Each structure stands twice: as structure tokens, then as C-alpha cells.
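All you need for the working numbering is the position in the sequence shown, starting with 1, plus 896.
Where is the CB? At the ideal position from N, CA and C, for every residue including glycine.
Just so you know, these numbers come straight off a predicted model, no measurement behind them.
Okay, structure first, notes after.
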Amino acid sequence: SPLLQIPFLSERFKFLADMEANPLLRDSVECQRLVMEAMKYHLLPERRPLLQSPRTRPRKATVGALFAVGGATSIEQYCLRRDTWRQVAVMSGRRLQFGVAVLDDRLYVVGGRDGLKTLNTVECYNPRTRQWSFVASMATPRSTVGVAVLNSKLYAVGGRDGSSCLKSVECFDPHTNKWSSCAPMSKRRGGVGVATWNGFLYAIGGHDAPVYLNTVEAYDPQTNEWTQVNTYSSCLSICLTSLCVACASNSSVFCYGVILPRSSWCCLFTVLFVHYVNAGPPSF
897 SPLLQIPFLS
907 ERFKFLADME
917 ANPLLRDSVE
927 CQRLVMEAMK
937 YHLLPERRPL
947 LQSPRTRPRK
957 ATVGALFAVG
967 GATSIEQYCL
977 RRDTWRQVAV
987 MSGRRLQFGV
997 AVLDDRLYVV
1007 GGRDGLKTLN
1017 TVECYNPRTR
1027 QWSFVASMAT
1037 PRSTVGVAVL
1047 NSKLYAVGGR
1057 DGSSCLKSVE
1067 CFDPHTNKWS
1077 SCAPMSKRRG
1087 GVGVATWNGF
1097 LYAIGGHDAP
1107 VYLNTVEAYD
1117 PQTNEWTQVN
1127 TYSSCLSICL
1137 TSLCVACASN
1147 SSVFCYGVIL
1157 PRSSWCCLFT
1167 VLFVHYVNAG
1177 PPSF
């Protein structure tokens, strides 16, 4: 994607070497061009003024803030201009393995575990007041839950209830402070990656212990239905993961799996066309 700022990746993470060796990227002329651009940016610092592109200029979002949440009760905020972290608020209790998303400039922490039990509670952080507050609890306790925002609503997808993986899905409306049930997925998915694109919610990978999943489903909120999505066959082995994160950019959805022989990014699918009638998600 032309929006990926690969030149800004730190050399100590060795991402460039991994990307250059990745078969999915190696077979793409466009991806190789982006990797070479990043390598030149790293290896020729004296020429950086001449190597400027949209990928080497800071985003407008750098005037905002980055928050680190979880593992303890505190939340920390990173200030880019000062290159410092500071504690800004404390949650009601410790949480781990939760889902997190931003809706209406508020940070939502969904479910998770407190070290003893699986939680169905949801806390909301308001950066303007620097305070946490509880909103309505989910019907089902969920840890390793996938969370995403679509059409100004918060979705909690799959996860584990403490004994087994879940295929159920819940939707939160901040205006009514209520959760409602959505159509369940076709498979139970713990540690599922979720992303939204063009009005659809995608559930990617995950696991139904002890089976790791390489399948993808798309949810249409207009019809309240899930549809199986065909992905590039060369990606399937890479997406076998029990903890997957995903994001969308332009016409592609990217996922990252951390429980793999070697953790790696992959382009899960690229949309081949974007014009279609309201008859469900497009084929890939």
C-alpha cells in the first residue's frame, strides 16, 4: 500500500530483511519497489532530502496521542513531540487478553481476564476528562476477543468464555448504552483478527482449540449475515494463528499472526474490484 511508511520502520526489528524474503512480497513488483525505497532511505541518510515521498513524511495523526493499555491497571500516553510516556489514568482493575477500539474519540476496553476469571465488563476512557467509566456489560464474558468499529457501533467478535471458544457476536450502540446479539459466525474463533472495510466486518483466522484456523468470514450489518471469503491460496499457511491482528488500507486487508513458526505480516487479500451491487461482499 502507498500509505505504509516502511522507511520509518526501525532497523533493529529487521522488518526489511523479513519483507524482502517474504514470498508474497518477493513476487510483487510494487512491493519490491516499496522495500527498495525503504532500504535506500535507511542506507543513504545523506540523500534523504532527495528521497522524499508520501511514505517519508509524518502523518497528520502525529499531533494526536498513542495509548498503551493492559496487563496492569494503568494506561500510558505517548507524546511524539517529547518522545516520552506518562501515566494518565487507572482502570478499575487489572485486565489482560481484552479487545480495544476507539469510537467517538473514546477508548473502549472490552472483556478480557483479570487473572482469575473471564470478564464481560467494558470500560471507556475519555481523553478529555482523563477518566474511566463503565458502560453496559456484554451478555457473554470474552477474552482474546476481536473488537472493531463499524457504522459508529462497537463489535465484539468471538473470543473465549473461560472454557471454550465462541462464535457469537455482540454489537454495542453508545447512544443507547446497550449490547445486542448479531448473527453468529460459522466457526468458533478465539484470538480472532478483525478489520472493517467498505461496510463489512471481517473475522480472520483465530483458533478453536486445538485447531488453528486459516479461514475468513465477512459480516454484512445490513443483512445480519456472515459470508465465507475466498483468500489468496498462498496466504493460507501464513494465517494459521491463534492470535491475529488485522487492519484495512485502501483495497487491502492485512493481518499479523504471532503464534507461527515465524511471526509475519501478510496481505490477506486485495480487492480486485470495488464496484458492486448490494448483494453481499465481493469475491476475492
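How many angstroms separate the CA atom of residue i from the CA atom of residue j?
i: T980; j: N1120; result: 44 Å
i: T1025; j: P919; result: 47 Å
i: S1033; j: Q948; result: 48 Å
i: D1104; j: N1110; result: 11 Å
i: Y1020; j: L939; result: Note on identity: in this sequence residue 1020 is Cys, with Tyr being the wrong assignment. Computed Cα separation, rounded: 43 Å.
i: Q1124; j: T1036; result: 24 Å
i: L921; j: Y1108; result: 24 Å
i: S970; j: G1011; result: 15 Å
i: C878; j: V965; result: Residue 878 lies beyond the range of the chain shown here (897 to 1180); nothing can be said about it.
i: E1066; j: C1078; result: 6 Å
i: F1030; j: R991; result: 14 Å
i: N1126; j: Q1118; result: 21 Å
Tell me, which residues are paired with residue i by DSSP?
i: N1022; result: Q1027
i: R1002; result: L999
i: G1086; result: H1103
i: D1069; result: K1074
i: A1044; result: Y1051
i: Q983; result: E972
i: S1092; result: In the sequence under discussion, the amino acid at residue 1092 is Thr, which differs from the Ser named in the question. T1092 is bridged to L1097.
i: S1039; result: R1056
i: R1009; result: L992, T1014
Can you tell me whether residue i is buried or exposed? The criterion is at least 16 other CB atoms within 10 Å of its CB, across all chains shown.
i: V1154; result: Its pLDDT being 45, under 50, V1154 is placed unreliably by the model, and nothing is read from it.
i: N1016; result: buried
i: L1062; result: buried
i: R943; result: exposed
i: K1083; result: buried
i: Q993; result: buried
i: V1041; result: buried
i: A917; result: exposed
i: I902; result: buried
i: Y1098; result: buried
i: S1076; result: exposed
i: V925; result: exposed
i: G967; result: exposed
Relative to the ligand MN, is the shortest distance from any of its heavy atoms to the C-beta of residue i smaller than 7 Å?
i: D1116; result: Looking at this structure, you won't find the ligand MN or any other ligand, since it has none at all.
Tell me which residue opens and which closes the alpha helix (DSSP H) that residue i is part of.
i: A934; result: 925-939
Closest by CA to residue i, which one among the options?
i: G995; options: V986, V1005, T1123, K1083; result: V1005
i: Q928; options: D914, P941, L940, I1100; result: D914
i: G1008; options: G1058, S1048, N1022; result: G1058
i: K1013; options: G989, I902, F963; result: G989
i: P1106; options: N1094, P950, R1085; result: R1085
i: R951; options: A961, M932, C975, F963; result: M932
i: Y1115; options: T1092, G1102, N1126; result: T1092
i: S1064; options: V998, F963, C975, V1088; result: V1088
i: G1095; options: R977, N1047, A1079, V998; result: N1047
i: V1043; options: D923, L999, W1028, V984; result: L999
i: R978; options: Q1027, P1080, L905, A961; result: A961
How far does the beta strand (DSSP E) with residue i in it reach, from first residue to last?
i: E1113; result: 1112-1116
i: L859; result: As shown, the chain starts at 897 and ends at 1180. That puts residue 859 outside it, with no answer to give.
i: A964; result: 962-965
i: Q1124; result: 1121-1125
Can you find a CB in chain D that lies within less than 8 Å of the CB of residue i?
i: E1121; result: Within the model displayed, chain D is absent; a lone protein chain is all it includes.
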